[in-house]
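Take the sequence shown: its letter number 92 is residue 92 in full-length UniProt numbering, and every next letter is one higher.
For reference, the structure is listed below as structure tokens.
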Amino acid sequence: MGLCNQDAIKQLQSMLVNVDEKQKITFENMHQGYPTETLARFLKARDWNVAKAHKMITDCLQWRVENEIDNVLSKPIPLDVYKAVRDSQLIGMSGYSKEGLPVIAIGVGLSTFDKASDKYYVQSHIQMNEYRDRVVLPTASKKLGRYIGTCVKVLDMTGLKISALNQLRLLTAISTIDDLNYPEKTDTYYIVNAPYVFSACWKVVKPLLQERTRKKVQVLQGCGKEELLKVMDYESLPHFCRKEGSGSSKHRVAGDTENCFSFDSSFHQQLYNFIKQQAVLMQSRSPIRQGSFCVNLPEPDPDDAKIAKTIESELHKLEIQNGSMNGVAVNGH
1 MGLCNQDAIK QLQSMLVNVD EKQKITFENM HQGYPTETLA RFLKARDWNV
51 AKAHKMITDC LQWRVENEID NVLSKPIPLD VYKAVRDSQL IGMSGYSKEG
101 LPVIAIGVGL STFDKASDKY YVQSHIQMNE YRDRVVLPTA SKKLGRYIGT
151 CVKVLDMTGL KISALNQLRL LTAISTIDDL NYPEKTDTYY IVNAPYVFSA
201 CWKVVKPLLQ ERTRKKVQVL QGCGKEELLK VMDYESLPHF CRKEGSGSSK
251 HRVAGDTENC FSFDSSFHQQ LYNFIKQQAV LMQSRSPIRQ GSFCVNLPEP
301 DPDDAKIAKT IESELHKLEI QNGSMNGVAV NGH
């Protein structure tokens, strides 16, 4: 890390001395013993502009306090609802890269977000973020004896259709939460099984992304198996990358491979059991209601809003080209 960057971290550190007690506590939950690295993430997200990074991190601390994010891992989603969420928000952890980074798999194309209310999808997403940051990454850091603060994401575009417009509002809200409150947590995004719809959108969206983000995105051929095996062992490959054409079917696996999206996967079992255990501990101190968590959704960054509008426009063009509107509802209308 360069001298200028170290100076920026020291400046930001000194500016945070005056935050209130609640914000200090939530910052400790954020950094998990790595405050310098955490400040560096926010500075990196704002191109090392100290004033902008200071606003970003203080806004984040306030968001965490106001929405009781520190307690989200003790607020279980009712089991039947959680299973419905897992069946329609396809995300899981398949293993670790050769560098020790968690591998997060996301079934973008086949996620429907239609089996529960938006608040449960948002709650589940934040719970996974917090579990990653407070349990998975610190455990990996301890095991390897060095700081592990990011993950790699493998995004499966199998089944992506023009009807993805239906999900754009919710996906933009979730993306905004990540951008503003969990910046620089992904090392690389690997795109696999990309259909024409994705390719058409990517062509127009790519120039709108910051160079820092563009460099993180790699679009791989087919299921990406050969390229991914350079960065992770076969055991850590998501099930939809095990062989060409395997797809990310919600419950189909290649051979005896675990479907990391499933509620029955080891990751989701560990996560859900952890939340239940934390709820019991919290219950012993004060009563807590299941499913009572609801978060204020932040306003999207103007650049993110522009990207979402561009995707929407491009999908509409594809609809017209296909000669059918298919009854798509945009932004909930």
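The beta-carbon is built from N, C-alpha and C at its ideal position, and this holds for glycine as well.
Everything numeric in this text was worked out from a predicted model, so none of it was measured.
My assumption, with CB atoms under 8 Å, is that residue i sits in contact with residue j. Please give the rounded CB distance.
i, j, result
"E130", "L90", "With a Cβ gap of about 20 Å, E130 and L90 do not count as contacting."
"V295", "I126", "7 Å"
"D156", "A84", "About 20 Å; that fails the 8 Å criterion."
"T36", "R64", "About 19 Å separates the two Cβ atoms, so there is no contact after all."
Alpha carbons only, please: which of the options is nearest the one belonging to residue i?
i, options, result
"K317", "N49, A200, R41", "A200"
"Y190", "V154, L101, K115, R146", "V154"
"A116", "K98, G92, D133, Y82", "Y82"
"D114", "N49, S88, S124", "S88"
"T172", "V204, V122, N193", "V122"
"A279", "Q210, P76, R134", "P76"
"Q269", "L228, R86, Y147, Q11", "R86"
"residue 351", "Y182, V231, R169", "Any question about residue 351 goes unanswered here, given that the chain covers just 1 to 333."
"L224", "L180, S313, R242", "For the sequence presented, residue 224 should be read as Gly rather than Leu. G224 has its Cα closest to that of R242, out of L180, S313, R242."
"T158", "V231, R146, N193, G222", "N193"
"S141", "D233, Y34, L220", "Y34"
Is the distance from the Cβ of residue i to the Cβ of residue j below 9 Å?
i, j, result
"H239", "S94", "yes"
"S265", "G92", "yes"
"T176", "K216", "no"
"I9", "A45", "no"
"K206", "R214", "yes"
"G100", "L144", "yes"
"G149", "T38", "yes"
"K119", "F293", "yes"
"V152", "T186", "yes"
"L12", "L61", "no"
"M282", "L180", "no"
"E226", "Q218", "no"
Looking at the C-beta of residue i, does it have a partner C-beta in chain D at a distance below 9 Å?
i, result
"I148", "The displayed structure is made up of one protein chain only, and chain D is not part of it."
Using a Cβ-Cβ cut-off of 8 Å (strictly less than) and excluding sequence neighbours within five positions of residue i, which residues of its own chain qualify?
i, result
"S236", "S94, G95, Y96, S97, V103"
"M15", "V50, H54"
"R134", "N29, Q32, L73"
"V17", "none"
"K52", "R46"
"P138", "Q32, G33"
Give the range of the beta strand (DSSP E) segment to which residue i is assigned.
i, result
"K153", "151 to 156"
"Y96", "91 to 96"
"D187", "186 to 192"
"Q218", "217 to 219"
Spatial neighbours of residue i within its chain, please: CB distance less than 7 Å, with the 5 preceding and 5 following residues excluded, ordered by chain position.
i, result
"V253", "Its pLDDT being 45, under 50, V253 is placed unreliably by the model, and the measurement read from it follows with that caveat. Counting only Cβ-Cβ distances below 7 Å, and skipping sequence neighbours, we find H239, N259."
"W48", "N5, A8"
"F267", "G92, M93, C260"
"N67", "V295, N296"
Just to confirm the assignment, what range does the alpha helix (DSSP H) spanning residue i have?
i, result
"Y131", "118 to 131"
"I275", "266 to 283"
"P138", "137 to 144"
"V108", "Counting along the chain, V108 falls outside any alpha helix (DSSP H), and DSSP gives it neither H nor E."
"Q32", "First-last for Q32: undefined, no H or E at that position."
"V204", "196 to 205"
"R134", "Segment: none, R134 is in no alpha helix (DSSP H) and carries neither H nor E."
"L73", "That residue, L73, is in no alpha helix (DSSP H); it is neither H nor E in DSSP."
"N181", "168 to 181"
"I57", "50 to 66"
Between residue i and the rest of its own chain, which residues show a CB-CB distance below 6 Å, the 5 nearest in sequence each way excluded?
i, result
"L160", "G109, P195, V197, F198"
"L297", "A173"
"Q167", "F113"
"T257", "H239, R242"
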